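Below is one structure, written out as structure tokens; the observations come after it.
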Amino acid sequence: MRGILNGTMGALIAVSALTTTAHAEGVDQLPASEQKIYEIVDPQIPLGASAYKDFKPKKGPPWKIGYASSYAGNTWRAAALDAVMNDLLPRSKEAGLVSEVVVTQSDLKDAVQIQQMRQMVDDGVDAIIICCSNVTALNQTIEYAYKAGVPVFSFSGYVTSPYAINGAANHAQGGGEMATWLAEKIGKKGNVLLVSGIPGFASSDSFDKAAKETLAKYPDITIVGEVAGKWTDQVAQVEVQKFLATNPAQIDGILTQGAQENGVLNAMLQSGRDMVPITLGGEASAACYWRQNPDWIDASFHIWPPRREMQQMWEIMLRTLQGQGPKVQSFLRPVLPYTIDDVRAAIPEDCDVNSTDFVEPKADGWFPAAVADQYFERPADPWKAVSK
Amino acid sequence: MSSSGIRQVTQDRSLFVPAGLFLVLLLAVAFRGQGLFTNNGLAGAILVATPLILAALAITPIVMAGRGAVDLSVGPLMGFINVTLITWLVGNGITNPVAVIAWAVGLGAAFQFVQALVIIYVRVAPIIVTLSGFLVLSGVNLMVMSRPGGVAPDWMLSWGAGTSVFSPVLLLLVAAFAVWGVLRRTMFYRNLRMTGADERMAYTSGVPVDVVRIIAHVVGGAFAGLAALSYTALISSGDPTQGSTYTLQAVTALVLGGASLSGGRGGALGSTLGAINMFLISYLLSTFNFGTVSGFVTQMAFGLILVGSLLVNVFVTSRRAVA
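Chains A and B supply the protein sequences, listed in that same order. Note that our numbering numbers the first sequence so that position 135 is 135, with each residue one more than the last. Remember, our numbering sits 1000 above the position in the second sequence when you count from 1.
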């Protein structure tokens, strides 16, 4: 057993050593202001140079895009898909850039997603977008796509394949910042309940890892429980209710991932306990409760705004297909804090506490074109219409 | 294989529906596009469908042995073999193919042996035992490997490329069929069917029902080992949670293949057809573009096809009982 443990540790050390060297190639080409975002990072995230620096698409524009989504059962995925079908696709069609988007759903089954991605490649799509999937299981399939000249873009989560391009908020940094905020908010001591997303998924694990490391720095804070909300309000609500019903202990704060905080909030409201600080990640429903109770908390964070993250990936995809040459494998964004004033600006006073929408940064606020330009070898406006 | 397969289909009414559905799906897929009938399409199909086919095969002998023994533990067992293989073997530099395959098959067989002993001697209902197995292994898998990672041995990486029809993954499938073909000719197979159909009668006729049940579990466990190998090849890494999704899929494939969950009826051909049909349904649905509602339409269509074919199946088999 000891031998096994040593072997695992050795492998881990080797892997982390690899990431440091890889860091030197890709991210170092970025300006200092952007490099800062990469300081606290999940060690598994590939930070090397992109394999698509000199990429030219097989044909086009217009391009045919595949969106191999792994799940459809929550508001976040619905908002991301809506951003593609009702905003990005029509705009791209108008500019003559994209002809069609093929959408598939694999219901969290990797084998099905692998089959669907291979099917897309065989069907002749020009690029594939995936979301926050398993970090390693798709690597062979991504390589299969790469060999067929089809780049794969993973948004709101990374994959470890060298042939993919990842774009997301720095979820590790997000977990750390939200944990710090909560710890300070509850006076650096007390019991915290951690509501994870889907354990085993990239962004969920990055968040949890950094959040726990941050809370460990506060000796008087104890994580009294950990439940998985699956990024779905209803699931989070049931899981937190179960926890509260079976654990009479005092809870001083709840650290939850985004896209499920309203479920956590509802569970607290139903339990009859006094409200405690809860981390918010952008759901309009929970933001509405905050708008009505402005003294509840003092800050909140855009950690994975669905439409903006999708837009970011879409623009990276357009730029890559246009041959602009991405410099890095992983495009990370810092989490953006927002205040009650931003909420007041985003949603009306008679807002809906059951809304399924999200409060999101402004269109150009998440991944501004000027910043994006610095990530490419040959930057240009990705939305420039193709001359007929 | 194929000629005896056709004979089985014409003789066994419970295979009518899976075989019919298979032909219909094949036609529908062909009508929707030629993607599947290319070298890469077929290679990918074999790569993706093999873990499910083998998982369905793994629970077939166990369910045939009766007592409502649906082996719920098969998915996490595949996951367990997968994560231990990646963490304990490959993580310690053991990548010899013989060792890896022996570990996978041996671990599967050993786990099922233990489950069989509990079922027979502690006399707990099989479904409870395998449910416990499911829960225990789901937890253990996360202890062995807390999140997806690691890499499959070098020699296995090429298995997952899925660019050649005659790949080692196909070999795993053929090996499983060969084992089953040999078993069918033994006394054990006849005893297995008798035990499953009526355990009391089998016992009074002198069939060693306990030994039969143990062998059924061990064979199933060995198949689960092969399933885990093909699954590891598919994802080329370790994953602590994905294996569990195979339990429900394997049971669905089994029922779709015409097996009876109460035992006695069932076989490799039916389970294989059931698993291939599930793959084809999923493939067919992926050829449509449902846009924003794709998630719901896909799941609904999947469910409707399953319910429909099960209803027809019940109709066909109950008519046989009347006749």
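By construction, the Cβ of each residue, glycine as well, lies at the ideal position given by its N, Cα and C atoms. Predicted, not measured: the structure shown is a model, and the values here were computed from it.
Short CB-CB distance (under 7 Å) between residue i and chain B
i: residue 384 of chain A; result: no
i: residue 350 of chain A; result: no
i: residue 200 of chain A; result: yes
i: residue 2 of chain A; result: Note that residue 2 of chain A scores a pLDDT of 47, beneath 50, so its modelled location is shaky; the value from the coordinates is reported in the next line. With 7 Å as the cut-off, residue 2 of chain A does not count as an interface residue toward chain B.
i: residue 442 of chain A; result: In the structure as shown, chain A begins at 1 and stops at 388. Residue 442 of chain A is therefore absent and cannot be evaluated.
i: residue 205 of chain A; result: yes
i: residue 23 of chain A; result: Note on residue 23 of chain A: pLDDT 48, under 50, position unreliable in the model; the coordinate value appears next. No, because no Cβ of chain B sits closer than 7 Å to the Cβ of residue 23 of chain A.
Contact with chain A by residue i, beta-carbon distance below 7 Å
i: residue 1235 of chain B; result: yes
i: residue 1034 of chain B; result: no
i: residue 1147 of chain B; result: yes
i: residue 1044 of chain B; result: yes
i: residue 1040 of chain B; result: yes
i: residue 1289 of chain B; result: yes
i: residue 1282 of chain B; result: yes
i: residue 1286 of chain B; result: yes
For residue i, the nearest candidate out of the options (CA to CA)
i: residue 231 of chain A; options: A:39, A:38, A:61, A:74; result: A:74
i: residue 134 of chain A; options: B:1239, B:1146, B:1258; result: B:1239
i: residue 383 of chain A; options: A:257, A:332, A:352, A:316; result: A:316
i: residue 80 of chain A; options: A:304, A:286, A:210; result: A:304
i: residue 1287 of chain B; options: A:87, A:101, A:153; result: A:101
i: residue 257 of chain A; options: A:183, A:179, A:289; result: A:179
i: residue 253 of chain A; options: A:354, A:277, A:237, A:31; result: A:277
i: residue 309 of chain A; options: A:203, A:57, A:163, A:149; result: A:203
i: residue 57 of chain A; options: A:88, A:90, A:112, A:150; result: A:150
i: residue 193 of chain A; options: A:267, A:115, A:87; result: A:267
i: residue 1309 of chain B; options: B:1090, B:1257, B:1079, B:1263; result: B:1257
i: residue 1089 of chain B; options: B:1103, B:1078, B:1193; result: B:1103
i: residue 1008 of chain B; options: B:1281, B:1270, B:1224, B:1282; result: B:1270
i: residue 181 of chain A; options: A:320, A:385, A:221, A:126; result: A:221
i: residue 1115 of chain B; options: B:1163, B:1039, B:1180, B:1219; result: B:1219
i: residue 357 of chain A; options: A:320, A:341, A:313, A:287; result: A:287
i: residue 1120 of chain B; options: B:1079, B:1030, B:1069, B:1250; result: B:1069
i: residue 215 of chain A; options: A:306, A:115, A:186, A:236; result: A:186
i: residue 259 of chain A; options: A:367, A:66, A:163, A:233; result: A:233
i: residue 1052 of chain B; options: B:1029, B:1223, B:1183; result: B:1223
i: residue 190 of chain A; options: A:196, A:77, A:219; result: A:219
i: residue 1033 of chain B; options: B:1128, B:1225, B:1283; result: B:1283
i: residue 68 of chain A; options: A:103, A:38, A:333; result: A:103
Outcome for residue i when other beta-carbon atoms lying within 10 angstroms are tallied against a minimum of 16
i: residue 1037 of chain B; result: exposed
i: residue 2 of chain A; result: Its pLDDT being 47, under 50, residue 2 of chain A is placed unreliably in this model, and the coordinates cannot settle the point.
i: residue 1148 of chain B; result: buried
i: residue 262 of chain A; result: buried
i: residue 987 of chain B; result: The structure shown has nothing for residue 987 of chain B, since chain B only spans 1001 to 1323.
i: residue 1199 of chain B; result: buried
i: residue 1307 of chain B; result: exposed
i: residue 160 of chain A; result: buried
i: residue 84 of chain A; result: buried
i: residue 109 of chain A; result: buried
i: residue 983 of chain B; result: Absent from the model: residue 983 of chain B. The displayed extent of chain B is 1001 to 1323, so no value can be given.
Residues in the segment 1232 to 1256 of chain B with C-beta within 9 Å of chain A's C-beta atoms, listed in sequence order?
-> 1233, 1234, 1235, 1236, 1237, 1238, 1239, 1240, 1241, 1242, 1245, 1246, 1249
Please list the residues of the segment 106 to 129 of chain A that have a C-beta atom closer than 9 Å to any C-beta atom in chain B, keeping them in chain order.
-> 106, 107, 108, 109, 110, 111, 112, 114, 115, 116, 118, 119, 120, 121, 122, 123
Determine which residues of the segment 128 to 153 of chain A have a Cβ less than 7 Å from any Cβ of chain B, and write them out in chain order.
-> Within the segment 128 to 153 of chain A, the qualifying residues are 134, 135, 136, 137, 139, 140, 144.
contact_flag[the segment 163 to 177 of chain A, the segment 92 to 100 of chain A] where n(CB pairs < 8 Å) is 3 or more | no
In the segment 1046 to 1065 of chain B, which residues sit with their C-beta less than 9 Å from some C-beta in chain A, listed in chain order?
-> 1047, 1048, 1049, 1051, 1052
Please determine if the segment 1138 to 1148 of chain B and the segment 1079 to 1090 of chain B are in contact, where contact requires at least 3 C-beta pairs separated by less than 8 Å.
-> yes
Pair every Cβ in the segment 1205 to 1221 of chain B with every Cβ in the segment 1059 to 1077 of chain B, then say whether three or more of these pairs are closer than 8 Å.
-> yes
Cβ-based contacts, 8 Å cut-off: residues of the segment 1156 to 1181 of chain B near chain A = 1157, 1160, 1161, 1162, 1163
Using a Cβ-Cβ cut-off of less than 7 Å, give me the residues of the segment 1297 to 1310 of chain B that come near chain A, in sequence order.
-> 1298, 1299
Pair every Cβ in the segment 124 to 141 of chain A with every Cβ in the segment 236 to 246 of chain A, then say whether three or more of these pairs are closer than 8 Å.
-> no
Can you find at least 3 beta carbon pairs, one from the segment 365 to 378 of chain A and one from the segment 324 to 339 of chain A, that sit closer than 8 Å?
-> yes
On the three-pair Cβ rule with 8 Å, is the segment 29 to 36 of chain A touching the segment 295 to 302 of chain A?
-> no
How about the segment 1088 to 1105 of chain B and the segment 1148 to 1165 of chain B: do they share at least three Cβ pairs that are nearer than 8 Å?
-> yes
Members of the segment 83 to 106 of chain A near chain B, C-beta cut-off 7 Å = 85, 102, 103, 104, 105
Cβ contact (3+ pairs, closer than 8 Å) linking the segment 1160 to 1174 of chain B and the segment 1240 to 1251 of chain B = Cβ pair count under 8 Å is below three, so no.
Determine which residues of the segment 62 to 76 of chain A have a Cβ less than 8 Å from any Cβ of chain B, and write them out in chain order.
-> Cβ contacts with chain B come from 69, 71, 72, 73.
Would you call the segment 1271 to 1278 of chain B and the segment 1009 to 1024 of chain B in contact, with 3 or more CB pairs under 8 Å?
-> yes
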